[in-house]
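Undergrad: Protein chains in written order, with the numbering used here: chain A, 6 to 592; chain B, 94 to 435.
We put the beta carbon where it would ideally sit given N, CA and C, even for glycine.
Structure incoming, see below.
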C-alpha cells in the first residue's frame, strides 16, 4: 500500500459550517490583520530598503527614491553568486544527511524494540538546542586541521589521517548532524500517530518488513519528511554561526556570512543586505511552492477513529546493531562536542602542546564560570530570556494553532492567503529581519519599544512558519471523521476543537511550543536591534563573549544556556510523553 | 619593564587620590555637577567596545561615584550606528553617552550630540579630535602578538612580518574592511612601511580573520603563530597567563582614538557629563592603560603599557582627511592584494 492508495480513505471536502454567517470572514480578517502587522508591514520596510537608499524611519517615505541599484549590484557580483552556490551545496548536502539521520532515528526510537529508546530519543534532541555559533566553535575545537583535538589525538596515536572541518564537507557534516532533529521531530511524531494496520496489511500481502518500510511507512509520512527537510534546509540557509566558524577559515563564503559582512562593515550596507535577503526569500518561495505541488491532492490522514498502538518491530539480535548505530551518532553529535565545550569552558586557555596536555588538570579551573556570573548582565539576561521564551511560546503557540487549524481544517475563503503570509518569514535571514522590525515598530505609540514584548513579537513573527508547519503535520494526520462525529453529536466548532483537536494534536502542540521556545532562546539576529539595557537576552550576551575572543567564557555561557534549556526540554518531553500515552489510550 | 608599568600606574592613581578635595572636584566636575549627577542617579551608555571591557570601566567609575548606575547597550559598530540613527529619528534615543570606535561614522551624526568639553580638554592631542563634541574616551593601539610556545624567533618590528621564515599561514591578519581600527593599521603600513609592504606580506600566504577578537583567540590556540592585534585584545589574555606575548614595534604604533559624546536628548545630562569627565580624566585613562591595555590620547600619558619605551616608540595617528578620502580606493587594492573576496 502506498501513499496514493491511502487517498482511498474517505476524504470530505465539505466546508466547516460556520456557527454564524459573519464569524468566518471576521475570523479570517482578524488573522489577516495580525499577520499583516507581524509579517507584511516589516517586510514592506525590507522591500523599501532593498529598492532605495534610505532608512524609512530616518528619511521618511517622502524621500523614497526607488532604484534597482542594489539588486543589479547584487546580481552582478560574482562573489554573491559564489556564496549563493556554496549555500545551496552546503544546505542541500546538509539536508540530505539530516533526512537520513533524522528518519533513521525516528524509526529506531518509535518503531523498533531497540534498547534504551527513551534515552536515545532524549539525547538525540540535544543538538537542537545548541546555538549554531556554539556548534561551529565546538567543531572548530575538534576538527581544525592545525589544532583540532581529534587531530591532536590522531597524531598521538601515530595515525596519519587528519580531519579537516574547515571545508565544504565539514560544513555539510555539521549541518547534517545538527539539523537532523528537525527531521526527527516531524517524522517521529508522524510515526507515533500512524495507524499500523496499513503496515500490517502490507505484510499480510507478503511484503517484507524492509519493503513495507520503504513502500508504506515512509511514503505515508512523506509530508512529515518533506516538511522536516524543507524546514531544515531553510533554517540552514539562515544560519550564520556554523559557516562563520568553519567556512571562514577556508574562505568559503555563504549567503549569511556575506549578509553579515554587509551589515558589519563600516558604514553598514543594510539596503544591499536587504536585496540579498530578498533573493534568499525567492529561493525559499520556490521550495515552498514545490513542497505544496508534491503534497497536493494526497491525503495523509492516518489517525482515524479506531484504537491503535504504534507497532514495535522486533529486531531480534539486530536490535543491538541499531542500538550501536544510535550510540555512535550520539557519541559524534552529543558527546564529542560537549566534551570539547566542557574542556573549553573549564580550561584557562585552549592551547594544547600535545595530547597529554589535555589531561593536565592544573590547566582547568572555574575561572570562566566565576567571571560570567560576576557579570551582572548574566543573571539579567537569563531571566529576560526565560520570560521572552515563555511569552513567545504561548502567544506563538496559540496563533500557530489558530492559523494551522484555519489552513488545514477549514475551507473558509482567504485561508490560502493566511497560509502564504504565515510561510513568508521563514525565508528572511535573522540578521536582516532585525532591522526591518526596528524600522517597522519603533514608531508605534504605546511604548512597545524597549520592552520584553517587542522581542517576543519579533520572535513570534519570525518563527510563525516553523510553528505552523510543525502543527500542520499533526493536523493533517487527524482524520476529519473524528470532528464530524463530534458535530453529529451536536458539538459546536469551538467545543469540537477543545474536545477533539486539542487533545489529539497535543503532542504536536507541545512539540511546536517547545520548538518555538528553543528558537526564541537562541535567536540573535532580531534581538540585536530590539534589546535595551534592561531587556538583554542570552543570545546577545553570548555573541558578546564570542566577539570578545573569549572562547572559554563563550563555552561556559553556552553550557549554562544548554543546561537551562535542557532542563526545560526535559520537563516538556515528560509532559508530551504523558500526553502521547493518554492520546494513544484515548484513541 | 613590568615594574615600571606598575609603578607608573600606582603613581597615576596616587596622583588623583592624593589630590585635595577641591582639586579632585575640578578633575571630575564641580560640587554642583556631582550633586546633580547623583540626584539623576544613572545613565545609559551605548558602546561599540566589548561589553566586558566597558563593565570594568563602569565598575571602576562606581568606586568613585557609587550612587550613579550605568546601564549599557552594546552592539557591533555598524549596527550600533544604524540603531542610534533610527532611534533618534523616532525620538526614542535611549543613550546618554555613546562610545564608538569609528570617528568617520560618528562625525556624520555629530548633530545628535551636545556641546561638551572635559575639564582637562587642553591636555588632549589635537589630532585625536574630529569634532569639539566628540572625545577620545578610549584610545587603542596596534601591537605585534605571538604565541610563545610556537614561535622560536619572535618578530621585533613590522618589517619582520614580511620575512619568508613566517610563511604558510603562520601569520594571521584582520581583513581590511572590518572597520576603522583595521583601516588605520593598513593605512599606516602603506604610508610608513612602504608601498609594497602589503604585497610582500600577502606573498607569505597569511590567514585572514573577520575581526581582532577571533584572531586573538586563534593566536592563543595556536591556529596562527603571529598576528598584528590591538593591544587591549591580547593584553588581558597575557595577564591571565595565556601562552602569548606582544611587542610595540619601533617603526610606530598606529593608534585609534574613539569618538565619544553626550547626546542632545540625554535625560541624565549631569550624570553623563560626570561619567565622561571621569573617563577622560587622568584617573580614568590611567585605569584603562594599566588594567585594560589601552593607550591614551593625552599629550602626556600618565602611564605606559608594558614594553612601551617612550624614548623609542612613536605613536602614529592618521590624518583625518586622508582617513576618509583614501579609504575606498586603498581598501579595494588591499582586497585585491590579499585575495580577499568582497
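What residue does the alpha helix (DSSP H) around residue 312 (chain B) start on, and which one ends it?
TA: Element bounds for residue 312 (chain B): 305–314.
Undergrad: Residues in the stretch 255–272 of chain B with C-beta within 7 Å of chain A's C-beta atoms, listed in sequence order?
TA: Answer set for the stretch 255–272 of chain B: 270, 272.
Undergrad: Using a beta-carbon distance below 7 Å, is residue 355 (chain A) in contact with chain B?
TA: It does: the Cβ of residue 355 (chain A) has a partner Cβ on chain B nearer than 7 Å.
Undergrad: I want to see whether chain A comes within less than 7 Å of residue 157 (chain B), judged by CB atoms only; does it?
TA: No - not a single Cβ of chain A is within 7 Å of the one on residue 157 (chain B).
Undergrad: Mind the definition here: the stretch 100–115 of chain A touches the stretch 229–241 of chain A only if three or more C-beta pairs lie below 8 Å; say whether that holds.
TA: Touching, yes, given that three or more Cβ pairs across the two stretches are closer than 8 Å.
Undergrad: Would you call the stretch 252–272 of chain A and the stretch 164–177 of chain A in contact, with 3 or more CB pairs under 8 Å?
TA: Short answer: they touch.
Undergrad: Using a Cβ-Cβ distance under 7 Å, would residue 345 (chain B) count as near chain A?
TA: No, residue 345 (chain B) does not count as interfacial toward chain A.
Undergrad: Alpha carbon to alpha carbon, how far is residue 207 (chain A) from residue 216 (chain A)?
TA: Taking the straight line joining both Cα atoms gives about 9 Å.
Undergrad: Would residue 459 (chain A) be called buried (16 or more neighbouring beta carbons within 10 Å of its own) or exposed?
TA: It is buried - the Cβ of residue 459 (chain A) has at least 16 other Cβ atoms within 10 Å.
Undergrad: Three-state secondary structure (DSSP) at residue 432 (chain B)?
TA: Of the three classes helix, strand and coil, the one that applies to residue 432 (chain B) here is coil, per DSSP.
Undergrad: If contact is defined by three or more beta carbon pairs under 8 Å, each pair taking one atom from either stretch, is the stretch 404–413 of chain A in contact with the stretch 472–481 of chain A?
TA: At 8 Å Cβ cutoff, the stretches touch.
Undergrad: So what's residue 357 (chain A) in DSSP terms, helix, strand or just coil?
TA: It is coil, neither helix nor strand.
Undergrad: I'd like the span of the beta strand (DSSP E) that includes residue 383 (chain A), first residue to last.
TA: It is not in any beta strand (DSSP E) - residue 383 (chain A) instead sits in the alpha helix (DSSP H) that spans 381–414.
Undergrad: So which residues of chain A does residue 336 (chain B) contact, with C-beta pairs closer than 9 Å?
TA: Within 9 Å Cβ-Cβ: 354, 356, 358.
Undergrad: Taking a Cβ distance cut-off of 9 Å, strictly less, list which residues of the stretch 520–546 of chain A are near chain B, in chain order.
TA: Answer in chain order: 533, 534, 536, 537, 538, 539, 541, 545, 546.
Undergrad: Do the stretch 129–141 of chain B and the stretch 357–374 of chain B meet, that is, are 3 or more Cβ pairs less than 8 Å apart?
TA: Cβ pair count under 8 Å is three or more, so yes.
Undergrad: Closer than 7 Å, Cβ to any Cβ of chain A: which residues of the stretch 306–318 of chain B, in chain order?
TA: Within the stretch 306–318 of chain B, the qualifying residues are 306, 307, 309, 310, 313, 314, 315, 316.
Undergrad: If distances are taken between C-alpha atoms only, which option among A:171, A:128, A:345, A:416 comes closest to residue 557 (chain A)?
TA: Closest by alpha carbon: A:345.
Undergrad: Give the interface partners of residue 144 (chain A) over in chain B, defined as CB-CB distance under 8 Å, in chain order.
TA: None at all; the shortest Cβ gap to chain B is about 14 Å.
Undergrad: By the three-class DSSP mapping on this structure, what secondary structure does residue 328 (chain B) have?
TA: Helix, per DSSP.
Undergrad: Around the C-beta of residue 187 (chain B), are 16 or more other C-beta atoms found within 10 angstroms, so that it is buried, or is it exposed?
TA: So residue 187 (chain B) ends up on the buried side.
Undergrad: Go ahead and label residue 554 (chain A) buried or exposed: buried means 16 or more other beta carbons lie within 10 angstroms of its beta carbon, across all protein chains shown.
TA: It counts as buried.
Undergrad: Suppose contacts are defined by Cβ-Cβ distances below 7 Å. Is residue 377 (chain B) in contact with residue 285 (chain B) by that definition?
TA: Cβ distance not < 7 Å, so residue 377 (chain B) and residue 285 (chain B) don't count as in contact.
Undergrad: Tell me whether the beta-carbon of residue 137 (chain A) lies closer than 7 Å to the beta-carbon of residue 186 (chain A).
TA: Cβ atoms of residue 137 (chain A) and residue 186 (chain A): not closer than 7 Å.
Undergrad: Mind checking which residues open and close the beta strand (DSSP E) that includes residue 289 (chain B)?
TA: Segment: none, residue 289 (chain B) is in no beta strand (DSSP E) and carries neither H nor E.
Undergrad: Would you kindly work out how many angstroms separate the C-alpha atoms of residue 569 (chain A) and residue 336 (chain B), rounded to a whole number?
TA: Computed Cα separation, rounded: 33 Å.
Undergrad: Once the 5 residues before and after residue 501 (chain A) are set aside, which same chain residues still bring their CB inside 6 Å of it?
TA: Excluding sequence neighbours, residue 501 (chain A) sits near 488, 491.
Undergrad: Assign residue 181 (chain A) to one of two classes, buried (16 or more other C-beta atoms within 10 Å of its C-beta) or exposed (fewer than that).
TA: Classification for residue 181 (chain A): buried.
Undergrad: So, for residue 350 (chain B): in the same chain, excluding its five sequence neighbours on each side, which residues have a beta-carbon less than 6 Å away from its beta-carbon?
TA: So the qualifying residues of the chain are 221, 229, 232, 390.
Undergrad: For residue 444 (chain A), which beta-bridge partners are listed by DSSP?
TA: DSSP output for residue 444 (chain A) lists no bridge partner at all.
Undergrad: Assuming residue 47 (chain A) and residue 438 (chain A) form a contact by the criterion Cβ under 8 Å, report the distance between their Cβ atoms to the nearest whole angstrom.
TA: With 8 Å as the limit, residue 47 (chain A) and residue 438 (chain A) qualify as a contact, their Cβ atoms being about 7 Å apart.
Undergrad: Using beta carbons (cut-off 7 Å, strictly below), is residue 143 (chain B) in contact with chain E?
TA: No chain E appears in this structure, whose protein chains are A and B.
Undergrad: Under 7 Å, Cβ to Cβ, is there at least one residue of chain B near residue 424 (chain A)?
TA: False, the Cβ-Cβ gap to chain B never drops below 7 Å.
Undergrad: Checking the sheet assignment: what are the DSSP bridge partners for residue 409 (chain B)?
TA: B:347, per the DSSP bridge assignment.
Undergrad: Going by beta carbon distance, what residues of the same chain come within less than 8 Å of residue 330 (chain B), once the five residues before and after it are set aside?
TA: Result list for residue 330 (chain B): 309, 313, 337, in chain order.
Undergrad: Looking at the unbroken alpha helix (DSSP H) that takes in residue 551 (chain A), where does it start and where does it end?
TA: Segment 543–552, the alpha helix (DSSP H) holding residue 551 (chain A).
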